[in-house]
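Just so you know, the protein sequences line up as chains G and R, in that order. For the record, in the first sequence the residue sitting at position 512 is 546 according to the numbering used here, with numbers rising by one throughout. For the record, in the second sequence the residue sitting at position 105 is 117 according to the numbering used here, with numbers rising by one throughout. C-beta atoms are modelled at their ideal positions from N, C-alpha and C, and glycine is treated no differently.
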Amino acid sequence: MAEHLLEVRGLTVDFHTARGVVHAVRDVSWHLDRGECLAILGESGSGKSVSASAVMNLIDCPPGEIVSGEILFGGQDVLKMSDEARRQLNGKRIAMIFQDPLSHLNPVYTVGFQIEEMLTAHDTPKEQARARCMELLERVGIPDFRNKIDSYPHQFSGGQRQRIMIAMALALKPDILIADEPTTALDVTVQAQILALLEELQAETGMGLLLITHDLGVVAEVADRVVVMNSGQIVEAGSAADVYRSPKHPYTKKLIGAVPGSGEMAAPLDTGIKPMLEINRLTKHFGAFVALESASLTVLPGETVAIVGESGSGKSTLAKTLLRLEDATSGEALYQGRDLVTIDARELFALRREIQMVFQDPTQSLNPRMSVYDIVSEAFAIHPEILPKARWKDRVRGLLEQVGLEAGHMHRYPHQFSGGQRQRIAIARALALEPKLIVCDEAVSALDVSVQSQVIDLLTKLQQEMGLSYLFIAHDLPLVRDFAHRVVVMQGGRIVEQGPVAEIFDNPRKDYTRNLMAASLDPDPEVQAERRRAKRRMQEELA
Amino acid sequence: MALTEQPVIPDAPPAWISILKMLWRDKFAFCAALFLLLMILCAVFGPALLEGVATKQNLRGRNSPPFDFSQPWVMWLGGDALGRPLLARIIVAAQNTLMVATGAVICSMILGTTLGLIAGYSSKWASQVIMRLADVIMSFPSLLLAVIVLYMLAPSVGNLIVVLAITRIPVYLRTSRAEVLEVRERMFVQAAQVMGASTRRIVFRHILPVVFPTLVTIATLDFAFVMLAESSLSFLGIGIQPPEITWGLMVSQGRPYLTTAWWLSFWPGLAIILTTLSLNLLSNWMRTALDPVQRWRLDTPRKK
């Protein structure tokens, strides 16, 4: 039997919690060869990160306990090694990069110092460390690296920070690079660049790349083989193309089926209807910084308008000024003839009932110290004219059932629910005021793909039943393609392009929109491979 | 009828029953609560029952040692420099001590928190004024301030509470302001704003419950500090004056006899320590009980 670079055999890890033993992973086996990219695909709680943490000795024991199995690196079982021997392995032979580079770089040291430290800690002489550090920063594509070497982490953008993390991981030429959701926190265009960089580096050094992700698009872009995990077990393994083309396990089928971007696009609504919301040249400056410049758009009753753009494009600022969480610098936002920007507090209070918001992260947008009943019924406490107190409980029960939760849940607290359920609570809270327009600020971005599609289905159902309008802010293009009637593309605080969804997706007119489309990843490995070939041809033609 | 078929969702059980249940789960907190209850009973009924015994001098029993069980029970902890029974004196002194400490801590907590909430949530201008005020109080040695105020006013329990409360305000003020500044940016506060919640509602319903456990923890730590500060003021002759007694005063009165009769200072000192310890245990329990995320620790019996 040929020896693999890294092999995990029959790994079982338990976590001892106050509520009993949780089997984080059960009997997991996979292997990684030199020059290969293996992706571990799974949703949150599937245990996809646990086996990688076991390799890196990052599982806290207790509460974690490796019950059985072995991890072979170059034929040796690392679980039997001493801590000291494993520390020699970590960083030097096996390196890791994480999802959020900002929290993994020390803010009080320069990036140069941190990379050099990595080198000197593993016995590189100090003089050579600096030179090697320069080399690495150049290789990962940090512009002006000679000056930037003495900058601090906060002076770099998110993508650059991830590049620095990669430079750090590669400093000692490891045999294996483990990347735990390396691009999840990044914009699509930056994600494409980082993935391309990882691929190039892998080809150059011949290292094995272990990629942990929830994103089928990322798998399609870089992975050779894929392992699909669900609730601690491997449900399917095989080449990326095979698994996508002919999934065998029902879970994999469900996962692939849930990926947005393949459905029918919605036809635009009849333009003869009078718009409910008309935004004219809305502008917001923070000092000299232009967050939003002269944005104009309309929303019809019963329509879903999606606002897409990368971080810093001003889409959240638009939502906040609309809801008066921020005061606009100039411009107007007419809601049924009344200007949201200038109305006084009393009118605003009345309008609060008509326009509601669902926030990105339900973990943060629900008060952890309030029960579900308190959270939903707070709407009635603030606007007592909606319902007499005696009927609150019935109404909360009705709302919870409407969003697909059980009425018996009303005395529980937010932390007792999963992410998708929490977002349902947040939607129930918004519905309690019987609004006409709901602003969804990245309302499903923090959720798993299959949960995402459930929440989208719920929003669609509510729209049909109650004639709601949505202002749907998102960065995920395929999602928007399935859900929106009209799309507004924003960049740097300005609206670049807007139009019916079919027009924007089939026939984008602006370069920025086209780049955004090209950078978003298709879950089909063959489509993705085709796109890459096209890109390469284009680059060769340019060169 | 469709309406009657709906399953009835029971209301959450009455609060006090679940509180008692949770208290019973944490045995340390339960003992602490019992001890504090005992102290409160001493404070309420002690002076009325034992005032006479506690002040009666008995020069033959001067500095009589503790654990002499042939004596009447009030003398079991020994007698002080004038032969007065220590146990009775501790019970009687509980009233003054607890009144001054509780009064000062509660006053400073309420005032400090209110000012902190205002400083954290209202205009920048109000915040500046309040913070500079806190700086003034903090930069002034608290004992010196107390001496000046009590020199001008008559030393009484009421004035003592006022003085001690003023000197401790900045602690609560700064903590609550810092926490408010953090909590007000959280998303659930924005969600409440979007719903149209009034400022009062946001502050009292959303911000205060998050800040409160921290303040209670500080308050219990402060309790001991205030008791000792009160005794040093009494020692300087501007606090509680003999024949009125407090535990702090008893400790300082026993100081000259430390080498020969340790029990004079030891017993009142022990009372101070046990009270503070109990308060700490209880506040620790309360922090867990108030937090829905942590509450399960008190709901499920602990397994070994």
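Asked	Found
Any 3 or more C-beta pairs closer than 8 Å across the region 229 to 247 of chain G and the region 507 to 522 of chain G	no
Distance between P221 of chain R and L243 of chain G (C-alpha atoms, nearest Å)	47 Å
Residues that DSSP places opposite M391 of chain G in a beta bridge	G:V473
Chain R contact for Q394 of chain G (CB, 9 Å cutoff)	yes
Coarse secondary structure for A14 of chain R, derived from DSSP in three states	Confidence at A14 of chain R is low in this model, with a pLDDT of 40, below 50, so the placement of that residue should be treated as unreliable; the coordinate-derived value is given next. Residue state, collapsed to three classes: helix.
Anticipated Cβ contact below 8 Å, S82 of chain R with L129 of chain R, distance rounded	Not really, about 59 Å apart at Cβ, beyond 8 Å.
Proximity to M239 of chain R [Cα-Cα], best of R:I214, R:A190, R:P280	R:P280
Rounded separation between S151 of chain R and L185 of chain R - CA only	15 Å
Coil, strand or helix - N264 of chain G by DSSP	strand
CB contact check: V324 of chain R to chain G, cutoff 9 Å	Residue 324 of chain R is absent from the model: chain R starts at 13 and stops at 316.
Beta carbon proximity, G208 of chain R to chain G, threshold 9 Å	yes
Limits of the alpha helix (DSSP H) - the one that M551 of chain G falls within	545 to 553
Sequence-distant residues of its chain with Cβ nearer than 6 Å to D184 of chain G (five each side left out)	T144, G146
For R520 of chain G, three-class secondary structure by DSSP	strand
Secondary structure of M130 of chain G, DSSP reduced to three states	strand
For E197 of chain R and L505 of chain G, the rounded distance between their alpha carbons	23 Å
CA-to-CA distance, W426 of chain G to G115 of chain R, given in whole angstroms	40 Å
Minimum C-alpha distance to V148 of chain R - residue among R:T258, R:G124, R:P182, R:V117	R:P182
Secondary structure of H188 of chain G, DSSP reduced to three states	helix
Beta-carbon gap between M444 of chain G and S399 of chain G smaller than 9 Å	no
Within 7 Å of chain R by C-beta, residues of the region 371 to 400 of chain G in sequence order	F383, R386, Q390, M391, F393, D395, Q398, S399, L400
Partner residues on chain G for A301 of chain R, Cβ-Cβ distance less than 8 Å	Those within 8 Å of A301 of chain R in chain G number zero; the least Cβ separation is about 12 Å.
Same chain only: Cβ atoms within 8 Å of P77 of chain R, ignoring 5 sequence neighbours per side	G90, A273, W275
Minimum Cβ-Cβ distance from R217 of chain R to chain G less than 9 Å	yes
Under 9 Å from the C-beta of H417 of chain G: neighbouring residues of chain R	M207, G208
Where H65 of chain G sits in the DSSP three-state scheme	strand
Cβ shell of A325 of chain G (< 6 Å), same chain only, five flanking positions each side left out	K318, G348, T351, G527
Coil, strand or helix - E360 of chain G by DSSP	coil
Within-9 Å CB hit, R317 of chain R to chain G	Chain R is shown from 13 up to 316; residue 317 of chain R falls before or after that span and cannot be answered.
Distance, Q306 of chain R Cα to E194 of chain R Cα	21 Å
N-terminal and C-terminal residue of the beta strand (DSSP E) that C92 of chain G is part of	Per the sequence presented here, residue 92 of chain G reads as Leu, with Cys not at that position. Looking at the DSSP string, L92 of chain G is not in any beta strand (DSSP E), and its letter there is neither H nor E.
Positions along the region 523 to 541 of chain G whose CB lies within less than 8 Å of some CB in chain R	none
Beta carbon proximity, I284 of chain R to chain G, threshold 9 Å	no
With 16 other Cβ atoms within 10 Å as the buried cut-off, status of K1 of chain G	Absent from the model: residue 1 of chain G. The displayed extent of chain G is 35 to 577, so no value can be given.
Start and end residues, beta strand (DSSP E) containing L245 of chain G	242 to 247
Beta carbon proximity, E412 of chain G to chain R, threshold 9 Å	yes
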